[in-house]
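If you read the protein sequences in the order shown, they are chains A and B. Under numbering that gives the first Met the number 0, the first residue of the first sequence carries the number 0, and numbering increases by one thereafter. Under numbering that gives the first Met the number 0, the first residue of the second sequence carries the number 0, and numbering increases by one thereafter. Note that beta-carbon positions come from the ideal geometry of N, C-alpha and C, so glycine has one too. A quick note: this is a predicted structure, and the numbers were derived from the prediction, not measured. To start, the structure under review is shown below, and the notes come after it.
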Amino acid sequence: MRVTVIDYKAGNLTSVVKALRHLGADVTVTENLADVGSAERIVLPGVGHFAATQFLEDHHLKSAIQEKIAAGTPFLGICVGLQWLFAGSSEAPNCPGLAAFPEMCERFAPGKKVPHVGWNSLAIRPASRLFAGIPENSFAYFTHSWRAPVTSATAAVTDYGEPGDLQGETFSAAVEHRNVMGVQFHPEKSGETGLRVLRNFLEWRAC
Amino acid sequence: MLTKRIIACLDVRDGRVVKGVQFVDLIDAGDPAELAARHAAAGADEIVFLDITATHEGRGTLLDSVRRTAQRIFVPFTVGGGIRTADDATAIFEAGADKISINSSALATPGLIGAIGARFGAQAVIVAIDARRKGGSPEDAEVFVAGGRKPTGRRAVEWAREAESRGAGEILLTSMDSDGTRAGFDCVLTAAVSQAVQIPVIASGGAGNATHFTQVFGEGKADAALAASIFHFGIHDVRTLKEELQRDGIPVRLPC
């Protein structure tokens, strides 16, 4: 299983690469356009500010990724990598995302601690292939202040509510549309659940 | 619902765990990688590796231990102790840590918080605060450095606010009054700090039984709690602790 991890200078890739290698993947870490062109699978990790994705535009990686996605290459965005699949984020309004999904990412509403840090549960949509074999209400590790809305592309929903807070605030913990997938949580830090998500991605085939 | 985190802490000197959570049935109870893997398997939500190596020569051993420990676990992994510069932090991240914890160096050079955050994200920077209030008001609790030996004249609540404004991702608050007593966390101090900041607060110092965790997550308003030697004294492992907390109505990651 060959997988190309795109390094766009947004945080530490060590854990993502370690988890993929643990699963037996042959990992290439790159910012090189040619490497993206020949990728069999693409992982776009990333923590920190949405503006870091400007690097992808500046280095022509965005259009290269767009072409790969159109050609059917499996793509997984992690954290900011998920948010980048949307039209953009209010965190960096002048920095458009890939717009594979038309909505915008917004900051959590006031009234609760932000960032949302820790283990939260996943309400999984039954048809999801990314979550195949993962029980409903499994936990994943999150750390983020902006979140993507729940849409028709949502593969798992998470609720950041305080205990006793009936309203809560639900968001897309994962999105999935054909070969385009994204997770807001960190699968490389989410124990067995996270490793299973990565394995499902590595084994994903067009059907 | 977001769960409350139970964090297992290992104190490591020259590559060996010298105190903290231990298991009697381990062949090598002093190996941090082995212990970290055991805690993760038992349901620890995170692992903190605190390096208490006194000498500069020990740093190479530290990085090797961090690397070996990181290889074994797939939950968040924090390393603290002796990080004085952004380059120190970089070396630890490259060895596999997800977060670093800084204490004395953050007080001496507050710009370090933002400098590390700029390179690795705010979520990767924990500011550890050791505070003592001697029964006084939590607002007057004083910050100590150098392993609790040196008073700074700074107030813990005010320093936590500054650390947040400088870009800390979390606060690790140790009550020096409670530490080692096994009589419970300082819930009053923890609540004062937790309510003063928007970022998560990890409570540390004083854990003796499951009820203490219930108290610090409730009245103490902690987002996470650090457990170390509690596992010597009646609670077998993290999973047992979490089962008790769940019975008390505290949201925890279970099954894990």
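Contacts of residue i in chain B (Cβ-Cβ under 9 Å)
| i | result |
| --- | --- |
| Val113 (chain A) | Gln197 and Ile198 |
| Asn199 (chain A) | In chain order: nothing, as chain B lies at least about 15 Å away. |
| Val149 (chain A) | Near Val149 (chain A) there are no residues of chain B at all, since even the closest Cβ is about 16 Å away, more than 9 Å. |
Proximity test, Cβ basis, 7 Å: residue i and chain A
| i | result |
| --- | --- |
| Gln245 (chain B) | no |
| Val20 (chain B) | With a pLDDT of 49 at Val20 (chain B), under the threshold of 50, the modelled position of that residue is not reliable, and no figure is offered here. |
| Pro31 (chain B) | no |
| Gln122 (chain B) | yes |
| Asp44 (chain B) | yes |
| Phe212 (chain B) | no |
| Phe216 (chain B) | no |
| Phe92 (chain B) | yes |
Under 8 Å from the C-beta of residue i: neighbouring residues of chain B
| i | result |
| --- | --- |
| Phe138 (chain A) | Thr2, Arg252 and Cys255 |
| Thr27 (chain A) | Per Cβ cutoff of 8 Å: no residues; Thr27 (chain A) is ~18 Å from chain B at best. |
| Gly193 (chain A) | Phe73 |
| Ser89 (chain A) | Result: empty, since nearest Cβ-Cβ is about 17 Å, beyond 8 Å. |
CB-CB length for residue i against residue j, believed under 8 Å
| i | j | result |
| --- | --- | --- |
| Asp129 (chain B) | Met175 (chain B) | 6 Å |
| Phe130 (chain A) | Ala91 (chain A) | The pair is not a contact, with the Cβ atoms about 29 Å apart (cut-off 8 Å). |
| Val79 (chain A) | Val113 (chain A) | Contact doesn't hold; Cβ gap of about 15 Å is too wide. |
| Ala121 (chain B) | Arg67 (chain B) | Actually they are not in contact, since the Cβ atoms of Ala121 (chain B) and Arg67 (chain B) sit about 27 Å apart, beyond 8 Å. |
| Ile51 (chain B) | Asp10 (chain B) | 6 Å |
| Ala117 (chain B) | Ala94 (chain B) | About 20 Å; that fails the 8 Å criterion. |
| Phe100 (chain A) | Ala51 (chain A) | The pair is not a contact, with the Cβ atoms about 19 Å apart (cut-off 8 Å). |
Amino acids of chain A, ordered along the chain, whose beta-carbon sits closer than 8 Å to that of residue i
| i | result |
| --- | --- |
| Gly95 (chain B) | Thr13, Ser14 and Lys17 |
| Val74 (chain B) | Tyr140, Lys188, Ser189 and Gly190 |
| Asp87 (chain B) | Neighbours of Asp87 (chain B) on chain A: none; closest Cβ ~15 Å, over 8 Å. |
| Ala223 (chain B) | Gly117 |
| Ala202 (chain B) | Going along chain A, no residue has its Cβ under 8 Å from Ala202 (chain B), so there is no contact; the nearest lies around 14 Å. |
| Ala69 (chain B) | Thr13, Ser14 and Lys17 |
Contacts around residue i, its chain only, beta-carbon distance under 8 Å, and the 5 residues preceding and following it disregarded
| i | result |
| --- | --- |
| Asn102 (chain B) | Gly79, Val126, Ala127, Ile128, Asp129 and Val144 |
| Gly193 (chain A) | Ala18, Ala139, Tyr140, Phe184, His185, Pro186 and Glu187 |
| Phe92 (chain B) | Ile99, Phe119 and Ala123 |
| Phe332 (chain B) | Nothing about residue 332 (chain B) can be read from this structure; chain B reaches only from 0 to 255. |
| Ser89 (chain A) | Met103, Cys104, Glu105, Arg106 and Trp145 |
Contact set between residue i and chain B, taken where Cβ atoms lie within less than 7 Å
| i | result |
| --- | --- |
| Tyr159 (chain A) | Leu1 |
| Ser171 (chain A) | Within chain B, no residue comes near Ser171 (chain A); the closest Cβ sits about 16 Å away, beyond 7 Å. |
Residue i - DSSP class collapsed to helix/strand/coil
| i | result |
| --- | --- |
| Leu34 (chain B) | helix |
| Phe74 (chain A) | strand |
| Asn119 (chain A) | strand |
| Lys17 (chain A) | helix |
| Arg128 (chain A) | coil |
| Arg165 (chain B) | coil |
| Leu25 (chain B) | With a pLDDT of 48 at Leu25 (chain B), under the threshold of 50, the modelled position of this residue cannot be trusted; read the value that follows with caution. Here Leu25 (chain B) sits in coil by DSSP. |
| Arg160 (chain B) | helix |
| Phe138 (chain A) | strand |
| Val126 (chain B) | strand |
| Arg81 (chain B) | What sits at residue 81 (chain B) in the sequence shown is Gly, not Arg. Three-state result, Gly81 (chain B): coil. |
| Val215 (chain B) | helix |
| Cys104 (chain A) | strand |
| Asp25 (chain A) | strand |
| Thr192 (chain A) | helix |
| Thr52 (chain A) | helix |
| Leu97 (chain A) | coil |
| Leu253 (chain B) | coil |
| Leu1 (chain B) | coil |
| Val65 (chain B) | helix |
| Pro148 (chain A) | coil |
Interface partners of residue i on chain A, CB under 9 Å
| i | result |
| --- | --- |
| Phe119 (chain B) | Gly10, Asn11, Val46 and Gly47 |
Sequence-distant residues of the same chain with beta carbon closer than 6 Å to residue i, five excluded per side
| i | result |
| --- | --- |
| Ala155 (chain B) | Ile128, Ala130, Ala140 and Val142 |
| Glu243 (chain B) | Ala209 |
| Gly160 (chain A) | Gly167 |
| Ser14 (chain A) | Glu187 |
| Ile77 (chain A) | Pro44 and Val182 |
| Thr173 (chain B) | Asp129, Ser203 and Gly204 |
| Asn119 (chain A) | Phe141 and Thr157 |
Residue-chain proximity (residue i, chain B), Cβ-Cβ < 7 Å
| i | result |
| --- | --- |
| Val2 (chain A) | no |
| Val196 (chain A) | no |
Minimum Cβ-Cβ distance from residue i to chain E less than 7 Å
| i | result |
| --- | --- |
| Phe143 (chain B) | Of the protein chains in the structure, A and B, none is chain E. |
Cross-chain neighbours of residue i in chain A, by beta carbon under 7 Å
| i | result |
| --- | --- |
| Leu169 (chain B) | The residue asked about is misnamed: residue 169 (chain B) is Glu in this sequence, not Leu. Per Cβ cutoff of 7 Å: Val116. |
Beta-carbon contacts of residue i that lie in its chain and below 7 Å, excluding the five residues immediately before and after
| i | result |
| --- | --- |
| Lys149 (chain B) | Phe143 |
| Lys61 (chain A) | Leu55 and Leu97 |
| Gln245 (chain B) | Val251 and Leu253 |
| Glu218 (chain B) | Cys186 and Ala190 |
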